[in-house]
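Everything below concerns the one structure shown next.
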Amino acid sequence: QIFLDALMQGKTEHLTTRYSKLREQAEQKLSSEAFLYVDGSASTQSTELNNRKALDAYQIVPRMMAGVEFSEFSTEREIFGRTFANPLIISPIGVQGQLHPDSDVATSQAAKEVEVTFCLSSATSTPMEVVMEKSQHEEAWFQLYWPSDDDVTESLITRAKKAGYKVLVITLDTWTLGWRPQDIDAGYNPFIKGMGCANLFSDPVFVEKYCEGKSPLRDGATADDVQQAALSVATQGLLTSGKARTWSELAQIRKLWGDGPIVVKGVQTLTDAARAVEAGVDGIWVSNHGGRQVDGAIGSLQALGPISQYIRGLPKDTKRPVIVFDSGIRSGADIMKAVALGADLVGIGRPYAFGLACRGQEGVEAVLKSLIADFEMNAALAGCRTINDLGPHSLVKSGEES
Ligand code: FNR
Numbered sequence: 009q010i011f012l013d014a015l016m017q018g019k020t021e022h023l024t025t026r027y028s029k030l031r032e033q034a035e036q037k038l039s040s041e042a043f044l045y046v047d048g049s050a051s052t053q054s055t056e057l058n059n060r061k062a063l064d065a066y067q068i069v070p071r072m073m074a075g076v077e078f079s080e081f082s083t084e085r086e087i088f089g090r091t092f093a094n095p096l097i098i099s100p101i102g103v104q105g106q107l108h109p110d111s112d113v114a115t116s117q118a119a120k121e122v123e124v125t126f127c128l129s130s131a132t133s134t135p136m137e138v139v140m141e142k143s144q145h146e147e148a149w150f151q152l153y154w155p156s157d158d159d160v161t162e163s164l165i166t167r168a169k170k171a172g173y174k175v176l177v178i179t180l181d182t183w184t185l186g187w188r189p190q191d192i193d194a195g196y197n198p199f200i201k202g203m204g205c206a207n208l209f210s211d212p213v214f215v216e217k218y219c220e221g222k223s224p225l226r227d228g229a230t231a232d233d234v235q236q237a238a239l240s241v242a243t244q245g246l247l248t249s250g251k252a253r254t255w256s257e258l259a260q261i262r263k264l265w266g267d268g269p270i271v272v273k274g275v276q277t278l279t280d281a282a283r284a285v286e287a288g289v290d291g292i293w294v295s296n297h298g299g300r301q302v303d304g305a306i307g308s309l310q311a312l313g314p315i316s317q318y319i320r321g322l323p324k325d326t327k328r329p330v331i332v333f334d335s336g337i338r339s340g341a342d343i344m345k346a347v348a349l350g351a352d353l354v355g356i357g358r359p360y361a362f363g364l365a366c367r368g369q370e371g372v373e374a375v376l377k378s379l380i381a382d383f384e385m386n387a388a389l390a391g392c393r394t395i396n397d398l399g400p401h402s403l404v405k406s407g408e409e410s
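In structure tokens:
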């Protein structure tokens, strides 16, 4: 459809441009601090660059005469007992209020519109209940940065469940923010200004314990109220806990969340994947946070093959966690590579954030639709009839013969 629109109109308004162009367009729209906050990564940027290198290290081997009917090409997936229209998921991104006034609601509604699985960040600009009310997702995920305060943790998890979020994601890699020179040079940290704290500021337990019962979101709250509350968040480890938890502590989360699916985000080694399986998780999200946390680290895709092989090799009577992958996905070919190496769902990060910055909900939809179209067309041209035809046999490493 995107292709047809472009041909009919003689141009396209769909943000189908390459990532580099999309990024440029977003840069023009945003304040330099907000742009650098989203665009930036840890210290020397090498992890982010390694994400790209790891994806480029594989090449797709196209097959011809495979009897592909493009109109019947199916990208459906069965996950947690439900059918998903495509393998994409919105990776949780905090502080979207700095990108567009419609922030999380725009992203959530765009995801619903194009049938991409939605994952809401802990660090939103809109309380989780409001986002859910406006978009009425049947299958949204909620990502939690695990607070140091157990009462606040319990309250957030109870609220997420009550609001109708079906899957709980615990992000492991961000118990404190990475060293990000561009933000330090700009003296910019959105959380210190109270941005991205809507879930805490609307939390009855947080308000009672840290704001003397007066919500910084109430009518009549002053800038000073917001500042004081934001300082509590930062100094008490309420957004990111300020300390790395241990695997045995996950049992606390299971108790609070009940039997629903729990996914751990930020896994990069086989050892941690094995610990996660032992801990009884339902999903492993292979991610290095888009290179924003540990500098000088492996590209996230390097971790995917070994982890998915291990998961698929687990005995039949062991629960096999779903595998989500993100970090560095910029095109249909990137999505194909992640699926071929075993990802059940593939997370999109900065591309949709830049779409949001350019044109709000419509911009997010345009970016997601383009990625889906690029993925479907590329996979079909490479000889896949369904997404399930993709596997390790679909790829070779650079320099290897096909
Ligand atoms: C993130 N990410 C993130 N992850 C998370 O678990 N909770 C969060 O609140 C955020 N916030 C956030 C803000 C910004 C500006 C960025 C760029 C990223 C990480 C995100 O979920 C995902 O792992 C990466 O964005 C994936 O990498 P790419 O696609 O951006 O390269």
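9 is the number of the first residue of the sequence shown in full-length UniProt numbering; add one for each residue after it.
For every residue, glycine included, the Cβ atom is placed at its ideal position computed from N, Cα and C.
Item: F11 classed as buried or exposed, judged by whether at least 16 other C-beta atoms fall within 10 angstroms; Value: exposed
Item: Test item: CB-CB of F333 and L353 under 9 Å; Value: yes
Item: From F43, R358, G355, S308, residue whose alpha carbon lies closest to that of K61; Value: S308
Item: CB-CB length for L225 against F209, believed under 8 Å; Value: 5 Å
Item: Residue environment, H401, which counts as buried when at least 16 other CB atoms sit within 10 Å; Value: exposed
Item: Check: K37 C-beta below 8 Å from any heavy atom of the ligand FNR; Value: no
Item: Continuous alpha helix (DSSP H) stretch holding V113: start and end; Value: 111 to 121
Item: Backbone secondary structure at Q236 - three-state DSSP; Value: helix
Item: is_contact[A341, chain D] using C-beta, thresh 9 Å; Value: No chain D is part of this structure, which consists of one protein chain only.
Item: heavy atom of the ligand FNR below 8 Å from R300 C-beta; Value: yes
Item: P212 CB to nearest heavy atom of the ligand FNR below 8 Å; Value: no
Item: Beta-carbon proximity list for A74, same chain, < 6 Å, skipping 5 on both sides; Value: G391
Item: heavy atom of the ligand FNR below 8 Å from R358 C-beta; Value: yes
Item: Opposing strand residues paired with V272 [DSSP bridges]; Value: I178, I292
Item: P135 beta carbon near the ligand FNR (any heavy atom closer than 8 Å); Value: no
Item: Cβ pair A351, G399 closer than 9 Å; Value: no
Item: Check: I337 C-beta below 8 Å from any heavy atom of the ligand FNR; Value: yes
Item: For Q36 and Y45, the rounded distance between their alpha carbons; Value: 14 Å
Item: Presumed contact (8 Å Cβ cut-off) between A206 and S133, rounded CB distance; Value: 6 Å
Item: Local Cβ density within 10 Å of A131, reported as buried at 16 or more and exposed below that; Value: buried
Item: Coarse secondary structure for F214, derived from DSSP in three states; Value: helix
Item: Where I192 falls, given that 16 or more other Cβ within 10 Å makes a residue buried; Value: exposed
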